[in-house]
């Protein structure tokens, strides 16, 4: 009898610890006067039409398309909390400079069609959605680009089942992992609910995923940003499963090693990550990278900088 009780008691203690960790850190909203370098005002260019495609589960998801001159196709993945429309200026610059058709999706759980906002059905769903978008567009492969968590998703995509559909990658200040040397412990942007994430990770380790829809991370989106036209489509928090699927796997170096030839861009004044750490960390896993830390640019300011477009053009070998 004693030998039966020991594993039962151990299991009960395990689940109790997990539940206590989850319940001990509910979301409260994350607002701070110090945040990322959000641009003042917006682009004068009108937004392109929001198009839709149907994913494998029947959901209608949005994307925007910047037509090129036939030089190639690029999937440009937005960062956390935001949506594809905010990346149109960069997409337009790449399309104009290089002749690429640039496709900018609203990832599931984001943008004007988000339902529900900040959540997905399972951890790998956004990778499947990108593959479904390519099928909708008739693309066998494409260059992938991504900023911040969008860069994370590009890295994850390279390490997953759809990897062969990526020919080259452009990573703009990507999140690598919470325990990577690039991470900051003084983030002004994201507030992970660490105890809750640990508790949910414990349950997932034994196959229990019923609570994966709980909020796991919150973002510091200023009211001045939320009050803008595009701010109404912002996403202020993520579920555990969306957050997990928006980042490389636990062995993030293995996902980096699976990347095709890639360009890593970051600003020297990035307040989200440590730009000087990208090359030593990633070069240890792959010899396929080209690295450029651009002086004077922050985490968001890098998106609209002409130096960024020129670096991408050089990597893609665009004609002058």
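Numbering (our numbering), first residue to last: 865 to 1184.
Virtual Cβ for every residue (Gly too), placed ideally from N, Cα, C.
Terminal residues of the alpha helix (DSSP H) in which residue i lies
i, result
"residue 1015", "1013-1022"
"residue 1061", "1058-1069"
"residue 902", "Segment: none, residue 902 is in no alpha helix (DSSP H) and carries neither H nor E."
"residue 1037", "Where residue 1037 is concerned, there is no enclosing alpha helix (DSSP H), given that its DSSP letter is neither H nor E."
"residue 1142", "1142-1147"
"residue 972", "Segment: none, residue 972 is in no alpha helix (DSSP H) and carries neither H nor E."
"residue 1175", "1170-1180"
"residue 993", "989-1001"
Spatial neighbours of residue i in its chain, beta-carbon cut-off 8 Å, leaving aside the 5 residues before and after
i, result
"residue 916", "924, 925, 926, 927, 977"
"residue 911", "928, 949, 952"
"residue 858", "Because the chain here runs from 865 to 1184, residue 858 falls outside it and cannot be looked at."
Candidates the options: closest to residue i by CA position
i, options, result
"residue 1167", "1140, 1066, 957, 1107", "957"
"residue 881", "1065, 1109, 1034, 1120", "1065"
"residue 1024", "1178, 1002, 994", "994"
"residue 1047", "1103, 1095, 1111, 1026", "1111"
"residue 1156", "1014, 969, 1138, 1131", "1131"
"residue 1037", "1123, 1140, 969", "1140"
"residue 1181", "883, 1089, 996, 935", "935"
"residue 1149", "1070, 1162, 896, 1122", "1122"
"residue 1135", "1174, 965, 1092, 1054", "1054"
Boundaries (first-last residue) of the beta strand (DSSP E) holding residue i
i, result
"residue 1089", "Here residue 1089 belongs to no beta strand (DSSP E); instead the alpha helix (DSSP H) covers 1087-1090."
"residue 979", "No beta strand (DSSP E) contains residue 979, which DSSP labels as neither H nor E."
"residue 1126", "1126-1131"
"residue 1082", "1079-1083"
"residue 1158", "1153-1158"
Beta-carbon proximity list for residue i, same chain, < 7 Å, skipping 5 on both sides
i, result
"residue 1153", "1126, 1128, 1146, 1147"
"residue 1086", "899, 902"
Distance CB(residue i)-CB(residue j) smaller than 8 Å
i, j, result
"residue 891", "residue 1075", "no"
"residue 984", "residue 973", "yes"
"residue 898", "residue 1007", "no"
"residue 1176", "residue 1034", "yes"
"residue 1010", "residue 1017", "yes"
"residue 1101", "residue 963", "no"
"residue 1082", "residue 893", "yes"
"residue 1119", "residue 1020", "yes"
"residue 969", "residue 1032", "no"
"residue 932", "residue 959", "yes"
"residue 1003", "residue 966", "no"
"residue 1078", "residue 1059", "no"
"residue 992", "residue 920", "yes"
Residue i: CB within 7 Å of a non-hydrogen atom of the ligand SAM
i, result
"residue 1176", "No copy of the ligand SAM appears in this structure; indeed no ligand is present at all."
Other residues of its chain near residue i: CB distance less than 6 Å, five sequence neighbours each side excluded
i, result
"residue 987", "1105, 1108, 1109"
"residue 1062", "885"
"residue 1158", "1131, 1171"
(request) Identify every run of the alpha helix (DSSP H) within the stretch 1089-1117, keeping only runs that are complete inside it and at least 4 residues long; order them along the chain. (result) 1104-1109
(request) Just list the beta strand (DSSP E) runs in the stretch 919-957, keeping only unbroken ones of 3 residues or longer that don't cross its boundaries, in chain order. (result) 924-930, 936-941
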